[in-house]
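Count along the sequence shown starting at 1, add 67, and that's the number in the numbering used here.
Even glycine gets a Cβ: it sits at the ideal position worked out from N, Cα and C.
See below for the structure under consideration.
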Amino acid sequence: MPAEPKQPAAARAKRCPICGKPAVEASRPFCSERCRDVDLNRWLSGSYAIPGAPEPDDDAD
């Protein structure tokens with residue numbers, strides 16, 4: 068039997084950031100539409116946020 072071609076370590080290590088299952092190409096980087104939707108909900112509900120510079124305080128009179 069011919070040996071299966073080995074995938075690079077990076078290709079084998081792709082895991083869903085929500086549940087840890089192997090990611091699938093159709094929903095990458097997630098394993099399913101469900102995990103993709105969970106991630107979107109976290110962004111939309113404010114669970115995830117990108118920190119920015121603090122806004123200046125306009126009430127500093």
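If you draw a 10 Å sphere on the C-beta of C86, you find fewer than 16 other C-beta atoms in it, and that means exposed.
A Cβ-Cβ distance of about 6 Å is found for the pair V91 and C98, placing them in contact under the 8 Å criterion.
Secondary structure at R82: strand, using DSSP grouped into helix, strand and coil.
R109: member of the alpha helix (DSSP H) spanning E100 to S112, first to last residue.
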